[in-house]
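Chemist: Sequence order for the protein chains is A and B. With my numbering, the residue at position 60 of the first sequence is 640, and numbering never jumps. With my numbering, the residue at position 18 of the second sequence is 26, and numbering never jumps. The beta-carbon is built from N, C-alpha and C at its ideal position, and this holds for glycine as well. If you're wondering where the values come from, they're calculated on a predicted model, not measured in any experiment.
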Amino acid sequence: QKEVEQDPGPLSVPEGAIVSLNCTYSNSAFQYFMWYRQYSRKGPELLMYTYSSGNKEDGRFTAQVDKSSKYISLFIRDSQPSDSATYLCAMGRGAQKLVFGQGTRLTINP
Amino acid sequence: GAVVSQHPSRVICKSGTSVKIECRSLDFQATTMFWYRQFPKKSLMLMATSNEGSKATYEQGVEKDKFLINHASLTLSTLTVTSAHPEDSSFYICSVPGGAYEKLFFGSGTQLSVL
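(1) State yes or no: is the beta carbon of residue 77 of chain B nearer than 9 Å to at least one beta carbon in chain A?
(2) Taking a contact to mean a Cβ-Cβ separation below 9 Å, would you say residue 77 of chain B touches residue 87 of chain B in this structure?
(3) Which residue wins for smallest C-alpha separation from residue 619 of chain A, given the options A:627, A:645, A:664?
(4) The beta strand (DSSP E) with residue 103 of chain B in it runs from where to where?
(5) For residue 682 of chain A and residue 24 of chain B, what's the separation of their Cα atoms in angstroms?
(6) Tell me the DSSP bridge mates of residue 644 of chain A?
(7) With contact counted as at least three CB pairs below 8 Å, one residue from each stretch, are the segment 647-659 of chain A and the segment 583-601 of chain A in contact?
(8) Taking the CB atoms as reference points, tell me whether residue 14 of chain B and residue 29 of chain B lie closer together than 9 Å.
(9) Is it right to say residue 646 of chain A is buried, meaning 16 or more other beta carbons lie within 10 angstroms of its own, or is it exposed?
(10) Beta strand (DSSP E) containing residue 114 of chain B: first to last residue?
(11) Using a Cβ cut-off of 9 Å (strictly closer), state whether residue 49 of chain B contacts chain A.
(12) Which residues of the segment 614-641 of chain A have a Cβ closer than 8 Å to any Cβ of chain B? Give them in chain order.
(13) Kindly indicate which three-state DSSP category residue 661 of chain A falls into: helix, strand or coil?
(14) At the 9 Å Cβ level, is residue 670 of chain A part of the contact set with chain B, yes or no?
(15) Since residue 682 of chain A meets chain B, which of its residues come closer than 7 Å, beta carbon to beta carbon?
(16) Which partner residues of residue 670 of chain A appear in the DSSP bridge assignment?
(17) Go to residue 40 of chain B, then tell me how far its beta strand (DSSP E) extends in each direction, as first and last residue.
In structure tokens form, the structure reads like this:
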């Protein structure tokens, strides 16, 4: 079993839709949870960061962490074509040694 | 603005040559930097941890003689792919920890193609 599982997609939704991206993990020691956005042939860009459980909101993006279920989510409201990218979840005990999900390829259709 | 600068963005080389990739931390002094490798449609795989002033720490299965890492200053780490072969073709990305809560910032990546 992989430490972090993420559905690779691809996921295609119409513009304006709410997008839900998810990851599950097996290591209960993970404390730091992050979401990165990666455009094709570019380095990942940090989108959201959460320490331990709870919700965090930043504009159209909401990150949720449920440590009891070992499940994290990223919601994108009012999705835009510019949101089309690969989204990677990442987590770790210390932020420096992160374990990454496979990434979900998302396309927002105008 | 960019926190991490990585160069070059793309390299095409002949088999048997060596290629050097630079990673510069622009906003933070970095005693530690990380090097990742990413295959198409795959996740990032940590290759090694670059330590300023000392030897790099390599992940299991990564050849230290193939992937030479030098971290000579608090703002610069280099990865040299020695005697590159086609199977070394990949996307290489560096990262720097920094800011509050030990966030990890990534360079723009280097696409290496070995012919």
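Modeler: Answer, in terms of the structure:
(1) no
(2) yes
(3) A:664
(4) 98-106
(5) 31 Å
(6) A:635, A:653
(7) yes
(8) yes
(9) exposed
(10) 111-114
(11) yes
(12) 614, 616, 621, 622, 623, 624, 625, 626, 629, 631
(13) helix
(14) yes
(15) 50, 51
(16) A:614, A:680
(17) 40-46
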